[in-house]
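Asker: So the sequence shown is residues 167 to 273, counted in the working numbering.
Yeah, the Cβ is synthetic: ideal placement off N, Cα and C, and Gly gets one too.
Keep in mind that this is a model prediction, so the values were computed, not measured.
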Amino acid sequence: MVLRGSLLALAAVVGLTAFEATPVAAKEATKTVSVLSRTWEIKQVSDTPVIYRATRDNNNLNPFGPPPRLRTLQAIAAIQAATGCKPIVSSMYQNISGQFFSQVSCN
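#1: Quick one: what's F266 bridged to in DSSP?
#2: According to the Cβ coordinates, are R204 and V211 closer than 8 Å?
#3: With DSSP as the reference, label R204 as helix, strand or coil.
#4: Check each candidate in V255, Q265, Q269 and A247 and name the one with the smallest Cα separation from K197.
#5: Can you name the residues that DSSP bridges to T238?
Now the structure itself:
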């Protein structure tokens, strides 16, 4: 009984602290660019090191859309078009949702 009561108290404290958390506002707005007839959204997700996220709009899986293209090359071109900086390809990775993350070099 004592263990159950302490777990309920702990759950209540954790629940109350979750409501006090404030979301962090993005410093930059999301930029939308078009690469090879595809729409990409580019957003900065980290300041140090500077990392951008590239997300492709899948056009609601429209079967009559433009022909398929290699996404990695599109992501590189989209990040470069949106930021004006060259993506560091060796730092680029893709998550399971198809979003690309990459550091950039503005030299």
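Answerer: Concretely, from the data shown:
#1: Answer is A220 and Q260.
#2: Taking the C-beta atoms as reference points, V211 is found no nearer than 8 Å to R204.
#3: Three-state DSSP puts R204 in a strand.
#4: When V255, Q265, Q269 and A247 are compared, the shortest CA-CA separation from K197 is found for A247.
#5: Residue pairing of T238 in beta bridges, as defined by DSSP: absent, with no partner found.
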